[in-house]
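The listed protein sequences correspond, in order, to chains A and B.
Those letters in the first sequence? Residues 156 to 438, by the numbering used here.
Those letters in the second sequence? Residues 156 to 438, by the numbering used here.
Where is the CB? At the ideal position from N, CA and C, for every residue including glycine.
These notes are about the structure you will find just below.
Number of protein chains: 2
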Amino acid sequence: MTDITTWIDEYHKGSRFGLNGKILFKKTSKYQEIIVIENEYYGKALMLDGCWMTSLKDEKYYHECLVHPALSSIDEKSNVLIIGGGDGGTVRECVKYSKISKIDLVEIDEEVIKISKKFLKEIAGEAWNDKRLEIHIDDGVKWVEKTKDNFYDVIFIDCSDPSEFSNLLFSHSFYKECERILAPSGILATQSESPESFKNIHINILKSLKNIFKVSETMYSFVPIYPSGIWSWTFASSEDLSLSKQNYDEVVKIEKGCEIWNLNFQNAAFKMMPNKIVKELDS
Amino acid sequence: MTDITTWIDEYHKGSRFGLNGKILFKKTSKYQEIIVIENEYYGKALMLDGCWMTSLKDEKYYHECLVHPALSSIDEKSNVLIIGGGDGGTVRECVKYSKISKIDLVEIDEEVIKISKKFLKEIAGEAWNDKRLEIHIDDGVKWVEKTKDNFYDVIFIDCSDPSEFSNLLFSHSFYKECERILAPSGILATQSESPESFKNIHINILKSLKNIFKVSETMYSFVPIYPSGIWSWTFASSEDLSLSKQNYDEVVKIEKGCEIWNLNFQNAAFKMMPNKIVKELDS
Numbered sequence: 156m157t158d159i160t161t162w163i164d165e166y167h168k169g170s171r172f173g174l175n176g177k178i179l180f181k182k183t184s185k186y187q188e189i190i191v192i193e194n195e196y197y198g199k200a201l202m203l204d205g206c207w208m209t210s211l212k213d214e215k216y217y218h219e220c221l222v223h224p225a226l227s228s229i230d231e232k233s234n235v236l237i238i239g240g241g242d243g244g245t246v247r248e249c250v251k252y253s254k255i256s257k258i259d260l261v262e263i264d265e266e267v268i269k270i271s272k273k274f275l276k277e278i279a280g281e282a283w284n285d286k287r288l289e290i291h292i293d294d295g296v297k298w299v300e301k302t303k304d305n306f307y308d309v310i311f312i313d314c315s316d317p318s319e320f321s322n323l324l325f326s327h328s329f330y331k332e333c334e335r336i337l338a339p340s341g342i343l344a345t346q347s348e349s350p351e352s353f354k355n356i357h358i359n360i361l362k363s364l365k366n367i368f369k370v371s372e373t374m375y376s377f378v379p380i381y382p383s384g385i386w387s388w389t390f391a392s393s394e395d396l397s398l399s400k401q402n403y404d405e406v407v408k409i410e411k412g413c414e415i416w417n418l419n420f421q422n423a424a425f426k427m428m429p430n431k432i433v434k435e436l437d438s
Numbered sequence: 156m157t158d159i160t161t162w163i164d165e166y167h168k169g170s171r172f173g174l175n176g177k178i179l180f181k182k183t184s185k186y187q188e189i190i191v192i193e194n195e196y197y198g199k200a201l202m203l204d205g206c207w208m209t210s211l212k213d214e215k216y217y218h219e220c221l222v223h224p225a226l227s228s229i230d231e232k233s234n235v236l237i238i239g240g241g242d243g244g245t246v247r248e249c250v251k252y253s254k255i256s257k258i259d260l261v262e263i264d265e266e267v268i269k270i271s272k273k274f275l276k277e278i279a280g281e282a283w284n285d286k287r288l289e290i291h292i293d294d295g296v297k298w299v300e301k302t303k304d305n306f307y308d309v310i311f312i313d314c315s316d317p318s319e320f321s322n323l324l325f326s327h328s329f330y331k332e333c334e335r336i337l338a339p340s341g342i343l344a345t346q347s348e349s350p351e352s353f354k355n356i357h358i359n360i361l362k363s364l365k366n367i368f369k370v371s372e373t374m375y376s377f378v379p380i381y382p383s384g385i386w387s388w389t390f391a392s393s394e395d396l397s398l399s400k401q402n403y404d405e406v407v408k409i410e411k412g413c414e415i416w417n418l419n420f421q422n423a424a425f426k427m428m429p430n431k432i433v434k435e436l437d438s
């Protein structure tokens with residue numbers, strides 16, 4: 156790679172968001188095109204198949220919101236499954252919790268993990284070496300299908316936007332399977348796209364999860380490099396969700412180390428549904 | 156203008172956000188370059204001096220959050236001042252309130268109003284003809300200086316990012332003058348930039364207003380076409396703020412017509428300060 160800087164853009168419905176910088180890595184894996192660029196403001200940033208996935212500067216907006224609402228409520232030894240999440244950010248937030256006994260990270264594309272460990276090591280750092288972590292290069296849908304009932308306490312779906320090879324991760328049948336492999340009080344935590352840029356997908360996710368689980372709640376916050384900058388995460392359970400009610404002492408310590416998330420922020424974010432989405436869900 | 160589509164980008168610290176479309180208008184006024192483009196997703200969009208100001212698709216994210224937290228609390232006949240706001244979106248939200256007796260819109264650049272009335276008439280529409288509205292082509296800083304004490308009940312600062320000719324609208328001395336011309340229970344409502352993309356300016360605004368007014372509260376929400384997509388609005392008063400506590404019946408009616416804002420959303424948005432800003436203000 157050379158020292159020449161260039162613009163790399165994500166295109167979305169006639170708009171584009173681009174970062175300028177030096178390309179550190181560019182290769183097409185078995186599944187997707189992978190680019191790592193070094194940008195003046197966002198730092199190193201990862202693009203998969205033309206979509207920005209994460210950057211050193213803004214990744215905490217995403218990972219803290221996916222992980223803490225689910226994990227801050229656990230109060231017993233817990234088995235965690237991460238589907239996707241090859242950049243390691245979700246793992247890093249998970250290993251902060253002492254109650255977690257096991258983390259299975261199931262990533263379909265081994266290259267994403269290799270590239271993240273090499274070029275984006277600031278994201279997960281030492282978390283990659285946590286003894287509770289086991290990495291499986293496998294298809295998340297198949298992994299869930301072959302898992303026995305009630306096996307996990309928390310499942311994180313940390314995947315890219317719907318595409319040919321990730322579509323099933325947004326399907327009703329897949330969510331049903333997740334419910335099957337979750338313990339009765341287990342929590343499914345999934346990124347649920349943008350209510351602005353992916354409105355129909357967003358609403359479908361919410362409706363599917365409401366249909367399958369007893370409780371399902373959506374929080375809205377910011378991810379600067381994603382289309383529209385508005386993002387959402389949905390948490391579903393077959394028992395009442397009591398997010399962040401237990402495990403308070405450890406949570407307060409973790410909160411101090413967070414850049415975006417704190418308990419007040421979380422409670423508010425669950426009420427930030429734009430009025431047009433409220434109306435569409437009510438209709 | 157031709158039928159050829161082109162990309163128009165806002166550049167910000169090594170990133171860019173661009174819209175593709177047909178350019179409907181492009182001219183440099185006495186103060187700034189003005190561009191109107193027609194985009195497939197965002198509809199018609201206005202750019203001033205290289206910065207996206209508003210678009211038909213996303214303008215309600217901005218205008219509803221600037222106006223309703225301030226006006227939903229008024230319960231007596233009120234005089235309103237809007238500084239900037241030449242696209243008319245703030246006027247449109249204001250005229251929904253029956254308690255407003257007078258709106259002075261003070262815009263420095265007459266061209267922005269002309270262009271908005273011609274190319275972006277979907278934004279303000281009939282609100283431009285509201286009998287309570289008086290438009291003044293003048294410098295907002297000078298307007299405030301020549302206004303007598305306690306004259307306005309609500310002041311909206313609806314301006315672009317700090318620049319050569321708008322810098323003073325973010326200054327301590329200007330906020331002091333606003334406080335002077337506000338009635339004792341009056342409210343200053345200002346856009347207060349992005350806590351991500353304009354962090355230092357954002358923090359300076361918050362500190363200035365806390366210093367001058369008895370109460371100052373900041374809400375965080377989304378504006379898709381602004382840098383980072385995270386935006387903030389700050390509301391300050393020399394008496395206790397009781398946002399949205401009065402005037403409930405009219406507010407509930409107005410809420411129904413809103414795309415983004417509702418009372419729940421508002422209450423939450425005031426607690427969405429990212430943890431890194433909390434820490435920086437505490438330090």
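Listed as beta-bridge partners of Phe377(B) by DSSP are Ile385(B). Contact holds between the region 194 to 202 of chain A and the region 165 to 174 of chain A, because three or more Cβ pairs, one in each stretch, are under 8 Å apart.
Below the 9 Å Cβ cutoff, chain B contributes Trp162, Asp164, Arg171, Phe172, Gly173, Leu174, Asn175 as neighbours of Arg171(A), in chain order.
In the same chain as Ser352(B), and ignoring 5 residues on each side of it, the C-beta atoms closer than 8 Å to its own belong to His167, Lys168, Tyr381, Pro382, Ser383, Ile385, in chain order. In the DSSP assignment, Thr245(A) falls within the alpha helix (DSSP H) that extends over 244 to 249. If you look at Cys314(B), you'll find it isn't in any alpha helix (DSSP H); DSSP assigns it neither H nor E. Of all C-beta pairs linking the region 306 to 323 of chain A to the region 274 to 287 of chain A, fewer than three are shorter than 8 Å, placing the two stretches out of contact.
The residue among Trp298(A), Thr160(A), Ser184(A), Ser438(A) with its C-alpha nearest the C-alpha of Asn194(A) is Thr160(A). Listed along chain A, the residues sitting closer than 7 Å to Cys413(B) by beta-carbon distance are Asn430. The three-state secondary structure of Ile163(B), taken from DSSP, is strand.
Taking all protein chains shown into account, Lys215(B) has 16 or more neighbouring C-beta atoms within 10 Å of its C-beta and is therefore buried. Out of Val246(A), Gly341(A), Tyr217(A), Phe420(A), the CA that lies nearest to the CA of Ile290(A) is found in Val246(A). About 17 Å separates the beta carbon of Thr345(B) from that of Thr302(B), a gap too long to meet the 8 Å contact definition. With respect to chain A, the C-beta atom of Phe320(B) has no partner C-beta closer than 8 Å. Spanning the alpha carbons of Lys185(B) and Ile237(B) requires a straight line of approximately 21 Å. By the 16-neighbour rule on beta-carbons within 10 angstroms, Thr209(A) is buried. Chain B places no beta carbon closer than 8 Å to that of Val222(A), leaving this residue out of the contacts. Under the 8 Å Cβ criterion, the region 225 to 233 of chain A counts as touching the region 249 to 265 of chain A, having at least three qualifying pairs.
Using a 10 angstroms sphere on the CB of Glu394(B), the tally of other CB atoms stays under 16, which defines it as exposed. Along the region 217 to 251 of chain A, none of the residues has a CB nearer than 7 Å to a CB of chain B. For the C-beta of Asn355(B), not a single chain A residue is nearer than 9 Å; the gap to the nearest is close to 14 Å. Distance from the Cα of Leu396(B) is smallest, within the candidate group Pro339(B), Tyr330(B), Val261(B), for Pro339(B). Beta-bridge partners of Met202(B) (DSSP): Ile190(B), Trp207(B). With respect to chain B, the C-beta atom of Gly341(A) has no partner C-beta closer than 8 Å. Close to Glu195(B), with beta-carbon spacing below 7 Å, are these residues of chain A in chain order: Lys168, Gly169. Comparing alpha-carbon positions, the option among Leu343(B), Pro317(B), Lys272(B), Lys286(B) lying closest to Val299(B) turns out to be Leu343(B). Between Asp242(B) and Val261(B) a beta carbon distance of about 14 Å is seen, past the 8 Å cut, so the two are scored as non-contacting. Out of Val296(B), Phe377(B), Leu436(B), the CA that lies nearest to the CA of Tyr217(B) is found in Phe377(B). For the pair of segments examined, the region 356 to 363 of chain A was found not to touch the region 358 to 376 of chain B: the number of CB pairs separated by less than 8 Å stays below three. Phe172(A) carries a strand assignment under DSSP once its states are collapsed to helix, strand and coil. For the region 371 to 385 of chain A, the set of positions with a beta-carbon nearer than 9 Å to some beta-carbon of chain B reads Tyr375, Ser376, Phe377, Val378, Pro379, Ile380, Tyr381, Pro382, Ser383, Gly384, Ile385 in chain order.
Put simply, the backbone Cα of Thr373(B) is about 45 Å away from that of Ile292(A). At least one CB atom of chain B sits nearer than 8 Å to the CB of Val433(A).
Of the candidates Asp259(B), Phe329(B), Ile336(B), the residue whose Cα lies closest to the Cα of Leu364(B) is Phe329(B).
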